[in-house]
Structure formats: structure tokens, C-alpha cells
Amino acid sequence: MDVQIPVKYSGFTLIELMITVAILAILASIAYPSFDASIQNSRITSQTNRILGALQFARSEASARNVAITVCGSNNQAACNDTDWSDGFIVLEGANVLQVFDRLEGGNQVSLGLTPEPVGNPISFNNEGQLGQTIGVSICDNRGNAFCNIIQLNGAGQARVQ
Numbered sequence: 054m055d056v057q058i059p060v061k062y063s064g065f066t067l068i069e070l071m072i073t074v075a076i077l078a079i080l081a082s083i084a085y086p087s088f089d090a091s092i093q094n095s096r097i098t099s100q101t102n103r104i105l106g107a108l109q110f111a112r113s114e115a116s117a118r119n120v121a122i123t124v125c126g127s128n129n130q131a132a133c134n135d136t137d138w139s140d141g142f143i144v145l146e147g148a149n150v151l152q153v154f155d156r157l158e159g160g161n162q163v164s165l166g167l168t169p170e171p172v173g174n175p176i177s178f179n180n181e182g183q184l185g186q187t188i189g190v191s192i193c194d195n196r197g198n199a200f201c202n203i204i205q206l207n208g209a210g211q212a213r214v215q
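Counting in this note's numbering, the sequence shown runs from 54 upward without gaps.
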């Protein structure tokens with residue numbers, strides 16, 4: 054007498070796999086908009102930190118070298134020639150370039166403002182690391198002003214992010 058022992062197969066059927074993939078696709082499509090916003094927020098924060106770092110570097114170099122240091126927009130990475138910091142910006146001592154920053158990613162824009170009047174390019178720290186005026190630097194993306202980061206520089210050259 055031959056007794057057959059039933060064999061138990063483990064794994065997924067094709068239908069179970071298709072249902073699982075469909076559920077994952079639905080969940081991914083729901084999560085994508087918030088993930089996209091998270092990427093945009095991270096990009097704004099990263100770019101704010103880049104500009105803040107450049108301004109802090111310029112201020113410290115101005116007081117360390119006892120000379121005026123300038124931060125300005127530049128599309129050729131050699132001289133101040135662009136009022137749009139989104140194309141890139143540089144830190145200068147006179148005509149000598151100390152540091153170069155590439156263009157901002159994601160189409161984000163940088164605008165400068167003197168409270169309450171607008172100021173153009175460049176920002177210059179004197180030999181004591183001071184500005185002499187209050188300046189706001191706004192970093193915005195295509196979502197509008199509600200999602201801007203603002204770097205406030207007081208007359209003493211100290212920076213604060215809002």
C-alpha cells in the first residue's frame with residue numbers, strides 16, 4: 054500500500070502578487086505629494102545654509118584679514134556681474150575671488166532687500182565684519198512667499214534665519 058504525503062507549497066500566487074503590487078502603487082501615489090514637498094523644503098533649507106555659510110565666511114574673513122569682503126551674484130564665477138544670486142555667487146576680497154558657489158538647484162530664487170528699501174548686488178562687510186545696515190536675503194521656490202526662508206543680517210553683520 055502506497056501512502057502519499059501531501060506536499061505543501063509555500064509562496065505567493067500570481068493573483069496575490071498582483072494585488073500586493075496594486076496596493077503598493079496606490080500607497081505610493083498617495084505619499085508622493087508629501088514626499089515632493091519634503092524634497093522642496095529640504096532644498097530650500099540646504100540652499101539657505103549655503104548662503105548663510107557664505108555670509109558668515111565673508112564676515113569672519115573681513116575681521117580676520119582687516120579688509121572689506123564682498124559677497125555678490127556672479128554668473129561667470131570671476132566677478133560681480135549678476136544681480137541674480139540664483140545663477141551663483143562669489144566671495145571677494147577686492148578683485149580676488151576667495152570662494153565660489155554654484156547656481157541654486159530646482160529653480161529657486163534669491164532676492165535681497167534693505168529694510169525698508171530694496172538693495173542691489175553686492176553685500177559688503179567692512180574690516181570689522183559689519184554691514185552698517187539691515188539686509189534681508191530671501192530664498193524662495195515656485196510655491197511662493199509662504200515657503201521662503203529669510204536670512205536677516207543686522208548692521209553688526211550678525212545673521213539670523215527666519
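Using N, Cα and C, we set each Cβ at its ideal position, and we do this for glycine too.
- Looking at the DSSP output, residue 142 sits in a beta bridge with 126 and 154.
- For residue 95, the three-state secondary structure derived from DSSP is helix.
- Here residue 147 is exposed, its C-beta having fewer than 16 other C-beta atoms within 10 Å.
- DSSP places residue 213 inside the beta strand (DSSP E), whose first and last residues are 212-214.
- Selection 208, 161, 188 and 197 evaluated against residue 99 yields 161 as nearest (Cα-Cα).
- A residue is called buried once 16 or more other Cβ atoms fall within 10 Å of its Cβ, and residue 182 is buried on that count.
- Within the same chain, Cβ atoms closer than 8 Å to the Cβ of residue 179 are found at 115, 121 and 185, the five residues on either side in sequence being excluded.
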